[in-house]
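All residue numbers for the sequence shown refer to our numbering, where the first residue is -17 and numbers rise by one.
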Amino acid sequence: MSSPTPEPELTGLRLNLRIVSVVAFNFASYLTIGLPLAVLPGYVHDVMGYSAFWAGLVIILQYFATLLSRPHAGRYADLLGPKKVVIFGLCGCFLSGVGYLLAALSSHWPLLALGLLCVGRVILGIGQSFAGTGSSLWGVGVVGAHHIGRVISWNGIVTYGAMAIGAPLGVLFYRAGGLLLLSGIIIVVALAAILFALPRPAVKASKGKPLPFRAVLGRVWPFGMALALATSGFGVIATFITLLYDNRGWDGAAFTLTLFSVAFVGTRLLFPNGINRLGGLNVAMICCTLELAGLLLVGCAALAWVAQLGTFLAGAGFSLVFPALGVVAVKAVPAHNQGSALATYTVFMDLSLGVTGPLAGILMTRAGVSMIYLAAAGLVGVALALCWRLKRRPPPQQPETVSLP
């Protein structure tokens, strides 16, 4: 993709406002994910009377749909331009709310209601992959390829922010008006985002023959593999920190998760230019080192404050891994394939989060809860070694200047 009017002079607050004005659409998409997240399992199990299996399936369908549709989202962003892809994704979020609404109205027919919930979750997963990928590329198109690391960082901030406020808000809305009110709020959020997106100026799709998926994967996979290994640390903290605290007889697991989030968001806000100044692979190595140290502290902690310190370090370390490696991954392909590259790269994180929980659970039953943090530290160490190897012998880069709209 190519920018019609590149603006390298954008700095500071003006630059951040430009980015936020676009990644706000990803905030809206993740808000539609967060709002029903804490409500649907209980609704399916307690209100509709289905087993825990079906309650879990309703939730996990969205993640599978996101995983499978990401490569398509990137390809269509390259072909059609990111604005169209974002609006398509937001329409999926809107339709998911309609699915929840119809399910609530069909409560007297549990099987139909369950089917509508499942369809809504699948559509939501597809919508999120398109809105997320498109908003990143749209943001880069607005501020220029030089700021791609900052765009990806802001996209992560709004993602976690939307999930953090969406879940408790969803519970409040559900208590106030049930699934009908909650689905109505989701519909309003998605519709408002669509209406705000429509008048915004689009950026042109790139001209050029797209690389086949296999070729894109071949260029991106080393960076994606390093990301997947580093993501394991985030996965075990988010999933098992409560069990660690229960095992040790400590209080404050929720506060520890808050520390992780504060470190994650704070690092992205405090070091917005770190990737441009030091380079993606250098930042990734620094971050993996911090995350590795934090996980070792958590795994070996005999006191709660040590585990909290380790969690804080792990959050700060993991914070910039995704944007740092993402910058290098996106620049490994021609400009007109960068949407496919970003989407393919993100799939590695999705896969890592999907397999970390079950594998860590098996390890915990055999070796104890502390061992999963030490094992995750080992995986992050492998990610560090892989980044070092990529730094010494980087894959061939494109001879032309990489640019996005």
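The C-beta atom is built at its ideal place from N, Cα and C for all residues, glycine as well. On a predicted model such as this, the values are computed, not experimentally measured, just so you know.
Mapping DSSP to helix, strand and coil, what is residue i?
| i | result |
| --- | --- |
| Phe253 | coil |
| Trp91 | coil |
| Pro181 | coil |
| Met30 | coil |
| Gly79 | helix |
| Lys66 | helix |
| Val101 | helix |
| Gly261 | coil |
| Val315 | coil |
| Trp136 | helix |
| Leu61 | helix |
| Trp370 | helix |
| Asp233 | coil |
| Val329 | helix |
| Pro387 | Its pLDDT being 35, under 50, Pro387 is placed unreliably in this model, and the coordinates cannot settle the point. |
| Pro53 | helix |
| Val202 | helix |
| Leu302 | coil |
| Val21 | coil |
| Ala37 | helix |
| Ala266 | helix |
To the nearest angstrom, how far is the alpha carbon of residue i from that of residue j?
| i | j | result |
| --- | --- | --- |
| Ser89 | Leu62 | 40 angstroms |
| Val309 | Thr347 | 38 angstroms |
| Val218 | Ile15 | 21 angstroms |
| Leu(-5) | Leu251 | 12 angstroms |
| Tyr25 | Gly261 | 47 angstroms |
| Thr240 | Thr141 | 15 angstroms |
| Arg201 | Ala317 | 13 angstroms |
| Val5 | Val104 | 22 angstroms |
| Phe304 | Leu161 | 35 angstroms |
| Ile41 | Pro92 | 17 angstroms |
| Ile168 | Arg157 | 15 angstroms |
| Ala284 | Ala359 | 17 angstroms |
| Arg132 | Asn255 | 7 angstroms |
| Ser(-16) | Ala342 | Interpretation of Ser(-16) is limited by its pLDDT of 44, a score under 50 that renders its predicted location unreliable; the figure taken from the coordinates is listed afterwards. The alpha-carbon atoms of Ser(-16) and Ala342 are separated by roughly 43 angstroms. |
| Leu19 | Arg374 | 43 angstroms |
| Asp233 | Ala311 | 41 angstroms |
| Ala349 | Leu180 | 54 angstroms |
| Leu333 | Phe178 | 32 angstroms |
| Leu39 | Met331 | 20 angstroms |
| Val351 | Leu272 | 21 angstroms |
| Asn396 | Ile257 | Outside the shown range of the chain (-17 to 387) lies residue 396, about which nothing can therefore be said. |
| Leu356 | Gly231 | 20 angstroms |
Could you tell me whether the Cβ atoms of residue i and residue j are closer together than 9 angstroms?
| i | j | result |
| --- | --- | --- |
| Leu372 | Phe205 | yes |
| Leu99 | Ala85 | yes |
| Gly336 | Leu49 | yes |
| Ile134 | Ser111 | no |
| Ile176 | Leu72 | yes |
| Gly123 | Gly102 | no |
| Thr249 | Ser301 | yes |
| Ala306 | Gly292 | no |
| Val244 | Gly152 | no |
| Ala55 | Ala298 | no |
| Leu94 | Tyr32 | no |
| Ser214 | Val315 | no |
| Tyr227 | Ala220 | no |
| Gly143 | Val247 | yes |
| Cys75 | Ala208 | no |
| Gly159 | Trp136 | no |
| Leu17 | Phe155 | yes |
| Ala366 | Cys270 | A quick correction: the sequence has Leu, not Ala, at residue 366. Yes, the pair counts as a contact, with Cβ atoms nearer than the cut-off. |
| Ala146 | Ser11 | no |
| Pro64 | Val185 | yes |
Go ahead and label residue i buried or exposed: buried means 16 or more other beta carbons lie within 10 angstroms of its beta carbon, across all protein chains shown.
| i | result |
| --- | --- |
| Ser322 | buried |
| Phe242 | buried |
| Gly109 | buried |
| Trp287 | exposed |
| Asn229 | exposed |
| Thr115 | buried |
| Leu(-3) | buried |
| Ala59 | buried |
| Ala172 | buried |
| Pro183 | exposed |
| Ile344 | exposed |
| Val125 | buried |
| Leu211 | buried |
| Leu295 | buried |
| Ala289 | buried |
| Arg52 | buried |
Is the shortest distance between the beta-carbon of residue i and the beta-carbons of chain D less than 9 angstroms?
| i | result |
| --- | --- |
| Gly143 | Among the protein chains of the structure shown there is no chain D, as only one such chain exists. |
What I want to know is whether the C-beta of residue i ends up closer than 8 angstroms to one or more non-hydrogen atoms of the ligand FAD.
| i | result |
| --- | --- |
| Val125 | No copy of the ligand FAD occurs in the structure displayed, which carries no ligand at all. |
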